[in-house]
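Top line first, the protein sequences correspond to chains A and B. The first sequence maps to residues 0 to 307 in numbering that gives the first Met the number 0. The second sequence maps to residues 0 to 307 in numbering that gives the first Met the number 0. We treat Cβ as the ideally placed atom computed from N, Cα and C, and that holds for glycine. Worksheet: the structure to be examined is printed underneath.
Protein chains: 2
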Amino acid sequence: MSKHYAIGIDLGGTNLRAALVSREGNIIKKIKEPSPGDVLESLYRVVESVYTDEVAGIGIGVAGLVDRKGGAVISSPNLPAVEGVSFVEAMHARFSVPIFIENDANVAALGEKWMGAGKEFDNFILLTLGTGIGGGIVYEGNLVNVSAEVGHTSINADGEKCPCGNTGCLESYASARAMISRAVSALEKGAESMLKECCKGNFYKLTPEDIYKSALEGDSLAREILREAGRYLGVGIANIINIMSPEAVILAGGLLGAWNIYVQEAMREASRRAFKELFDVVKIIPSSLGDEAGVVGAAGLVFKNSTS
Amino acid sequence: MSKHYAIGIDLGGTNLRAALVSREGNIIKKIKEPSPGDVLESLYRVVESVYTDEVAGIGIGVAGLVDRKGGAVISSPNLPAVEGVSFVEAMHARFSVPIFIENDANVAALGEKWMGAGKEFDNFILLTLGTGIGGGIVYEGNLVNVSAEVGHTSINADGEKCPCGNTGCLESYASARAMISRAVSALEKGAESMLKECCKGNFYKLTPEDIYKSALEGDSLAREILREAGRYLGVGIANIINIMSPEAVILAGGLLGAWNIYVQEAMREASRRAFKELFDVVKIIPSSLGDEAGVVGAAGLVFKNSTS
Numbered sequence: 000m001s002k003h004y005a006i007g008i009d010l011g012g013t014n015l016r017a018a019l020v021s022r023e024g025n026i027i028k029k030i031k032e033p034s035p036g037d038v039l040e041s042l043y044r045v046v047e048s049v050y051t052d053e054v055a056g057i058g059i060g061v062a063g064l065v066d067r068k069g070g071a072v073i074s075s076p077n078l079p080a081v082e083g084v085s086f087v088e089a090m091h092a093r094f095s096v097p098i099f100i101e102n103d104a105n106v107a108a109l110g111e112k113w114m115g116a117g118k119e120f121d122n123f124i125l126l127t128l129g130t131g132i133g134g135g136i137v138y139e140g141n142l143v144n145v146s147a148e149v150g151h152t153s154i155n156a157d158g159e160k161c162p163c164g165n166t167g168c169l170e171s172y173a174s175a176r177a178m179i180s181r182a183v184s185a186l187e188k189g190a191e192s193m194l195k196e197c198c199k200g201n202f203y204k205l206t207p208e209d210i211y212k213s214a215l216e217g218d219s220l221a222r223e224i225l226r227e228a229g230r231y232l233g234v235g236i237a238n239i240i241n242i243m244s245p246e247a248v249i250l251a252g253g254l255l256g257a258w259n260i261y262v263q264e265a266m267r268e269a270s271r272r273a274f275k276e277l278f279d280v281v282k283i284i285p286s287s288l289g290d291e292a293g294v295v296g297a298a299g300l301v302f303k304n305s306t307s
Numbered sequence: 000m001s002k003h004y005a006i007g008i009d010l011g012g013t014n015l016r017a018a019l020v021s022r023e024g025n026i027i028k029k030i031k032e033p034s035p036g037d038v039l040e041s042l043y044r045v046v047e048s049v050y051t052d053e054v055a056g057i058g059i060g061v062a063g064l065v066d067r068k069g070g071a072v073i074s075s076p077n078l079p080a081v082e083g084v085s086f087v088e089a090m091h092a093r094f095s096v097p098i099f100i101e102n103d104a105n106v107a108a109l110g111e112k113w114m115g116a117g118k119e120f121d122n123f124i125l126l127t128l129g130t131g132i133g134g135g136i137v138y139e140g141n142l143v144n145v146s147a148e149v150g151h152t153s154i155n156a157d158g159e160k161c162p163c164g165n166t167g168c169l170e171s172y173a174s175a176r177a178m179i180s181r182a183v184s185a186l187e188k189g190a191e192s193m194l195k196e197c198c199k200g201n202f203y204k205l206t207p208e209d210i211y212k213s214a215l216e217g218d219s220l221a222r223e224i225l226r227e228a229g230r231y232l233g234v235g236i237a238n239i240i241n242i243m244s245p246e247a248v249i250l251a252g253g254l255l256g257a258w259n260i261y262v263q264e265a266m267r268e269a270s271r272r273a274f275k276e277l278f279d280v281v282k283i284i285p286s287s288l289g290d291e292a293g294v295v296g297a298a299g300l301v302f303k304n305s306t307s
């Protein structure tokens, strides 16, 4: 008889998450810790903490370009610690169950399709909005096995250099890192803002939450930063709508907390830019699984691909 | 027994093409004329000129956003004459065979997959480079039924306004129209160039061929125009590589004649921008069906979708 559980791992950005997930898509047990320096040791530990004999396999979602056949991460501008790590080989040696690896935004898309906001859509794009910006594409009900690195498409051909090698990447204008970088730069130039008091002068400790809170209290620098990032996000959303004519764009990730300013500005901008006929029918909605989309989708990978 | 032929129509840009195509993908008979003002009357005429009793159906590839179910063109920034025309209904009333409609770059992609440069690839992007820039996506061997309007993705968020409503579209920087517009603008400002002699002072009659010829003869304005358009094309190619991690990018359309400057510059720029690991494995190659990809693919639509 088929084993009833899978372990989903999400090694996406600032946190490492793992969960024991049932075939019905329910999370039985979960664990979260800050993204580790020594990736494999941490993975062993979190997997052991949720492991049972009824585990059919382990799915790993990880930020960056993934070599599905080789079972490793080829390139990860935002999480260099995972580059070149042979996840599948190492995890299989330790746990003797089938191991699957996918890009983190791709597994989040799979999670939303299986158990979340994507259930009712056959064609949608998921964007993860956090430190970086990731993408996952679902077409005709299935995850499209492509890189989907929407955050690393240029929206300003002659713009800022990105660590990925490209210039003017969406991520450089619309991600949490972009917002922090704008805030730090303005504060260092002496801008008047509530943000000055946020972290005792150590601007590098600013978080997107600080910016959002100050914006809600009327701080004009904070509002401007969120609006600008939102506007650029709207450029990226319009681009992907014009390419993929999706039924929905599902937004996930830590920046969703700033929905009222950041995402609303993005929707306004996208509405001005995308083909009207495509924008009129697309739904731009938040993820319903939130931070758990990744672990659910990673576990879903196992059930989808494994027969054990 | 199944009928042995289909008629493929390509209403893509400056020309209307129609062809009688066999189930083996061979063109039996073809016709070409300038894109008409009265679209339906011209379609009736060209179809009648290649029609036989052995025609299983008619496939139409047309520039713009296509409503496949409704059988009409929703929006066509480059060919307004086709907007709102109920192609499928009108053609079916006249010819009593199944009629299929698709975006022109999508049928070109289908044509290349069936009989051309895409035969050996399961995942590729086709870009049509002409007056405008169109896109078609083949994934796992099949045409992806999406808008694929790569030419209308913004590569300069705050750039030039495009007739489609977006700002900074790839097409505004890398298409034939963009090249002509750059040339006219420079010549009107009095730039020194061989192009001045091309059309007896009527700069609006300039063609991409004029620019390419002058460039080959060493004209520096012409070279600069081709290089700049190529560089922006490279931005667009890198973007689509980072999203779709294709095995190939197949380039089609009238601008391929300028391969040595325009496309080579695009390849150089894309190589600087796309994820190295993706660029290293992608093949950037010319269409092998050339101007006939559209009619072949449009006929292919019939064989793919029809059982008669």
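With a cut-off of 8 Å on Cβ pairs, the region 57–67 of chain B is in contact with the region 6–16 of chain B, counting three or more such pairs. Proximity of chain A to PHE94/B at the Cβ level (cut-off 9 Å) is not reached, the minimal Cβ distance being about 28 Å. Here THR51/B is exposed. Its C-beta has fewer than 16 other C-beta atoms within 10 Å. According to the DSSP secondary-structure assignment, ARG16/A is paired through a beta bridge with ASP9/A, LYS31/A.
Look at GLY164/B here: in three-state DSSP terms it is coil, with no helix or strand label.
Closest in alpha carbon position to THR166/B, among ILE154/A, LEU19/A, SER286/A, is ILE154/A. In this structure, the beta-carbon distance from VAL54/B to VAL106/B does not fall below 9 Å. The Cβ-Cβ distance between GLY117/B and ALA247/B falls below 9 Å. When only Cα atoms are considered, ILE98/A and GLU40/A end up about 16 Å apart. With contacts defined by Cβ atoms closer than 9 Å, PHE278/A and HIS151/B do not form a contacting pair.
Within chain B, the residues LEU64, ASN144, VAL145, SER146, ALA147, GLU148 have their CB atoms less than 9 Å from the CB of SER244/A, given in chain order. Contact annotation: LEU186/B and LEU225/B have beta-carbon atoms that are not nearer than 9 Å. For ALA55/A, the enclosing beta strand (DSSP E) stretches over residues 54–61.
The beta carbon of GLY110/A lies closer than 7 Å to those of LEU288, ALA292, GLY293, VAL295, GLY296, GLY299 in the same chain, with the five residues before and after it left out. In the assembly as shown, TYR203/A is an exposed residue. Its beta-carbon has fewer than 16 other beta-carbons within 10 Å. Identification of residues in the region 230–243 of chain B having a C-beta nearer than 7 Å to some C-beta of chain A yields TYR231, VAL234, ALA237, ASN238, ASN241, ILE242, MET243, given in sequence order. Leaving aside the five residues that flank ALA89/A on each side, the residues in its chain whose CB is nearer than 7 Å to its CB run, in chain order, LEU39. In the three-state scheme derived from DSSP, where H, G and I count as helix and E and B as strand, ASP121/A is classed as coil. In the three-state reduction of the DSSP assignment, GLU191/A falls in the coil class. Per DSSP, reduced to three states, the secondary structure at SER75/B is coil, with no helix or strand assignment. Not a single unbroken stretch of the alpha helix (DSSP H) spanning 4 or more residues falls wholly within the region 127–158 of chain B. For the region 267–287 of chain A, residues whose beta-carbon sits nearer than 8 Å to a beta-carbon of chain B comprise ARG271, ARG272, ALA273, PHE274, LYS275, GLU276, LEU277. Chain-order list of chain A residues neighbouring SER153/B: ILE154, VAL234, ALA237, ASN238, ARG272, by C-beta distance under 8 Å. Burial of VAL301/A is indicated by the presence of at least 16 other C-beta atoms within 10 angstroms of its C-beta. Per the coordinates, the alpha-carbon of ILE100/A lies some 17 Å from the alpha-carbon of PRO79/A.
Excluding the 5 residues flanking it on each side, PRO285/B has same chain C-beta neighbours closer than 6 Å at LEU250, LEU255, in chain order. Looking from the CA of ARG271/B, the closest CA among ASP157/A, GLY235/A, GLU227/A belongs to ASP157/A. Exclusion of the five residues before and after SER171/A leaves GLU159, CYS161, ALA177 as the residues of its chain whose Cβ lies within less than 6 Å of its Cβ. Taking a C-beta distance under 9 Å as the contact criterion, LEU232/B and LEU128/B qualify as a contact pair. The DSSP-derived three-state label of PHE99/A is strand. The continuous beta strand (DSSP E) containing ASP66/A extends over residues 64–66. Residues ALA214, LEU225 of the same chain have their beta carbon placed closer than 6 Å to that of ILE260/B, with the five preceding and five following residues left out of the count. Under the DSSP assignment, LEU232/B falls in the alpha helix (DSSP H) whose first and last residues are 219–243.
Apart from the 5 residues on each side of it in sequence, THR130/A sits with its Cβ closer than 7 Å to the Cβ of GLY12, THR13, ASN77, SER174, ALA175, ARG176 in its chain, given in chain order.
Among the CB atoms of chain B, one or more fall inside 9 Å of the CB of THR166/A. Annotated three-state conformation of LEU205/A is coil, per DSSP.
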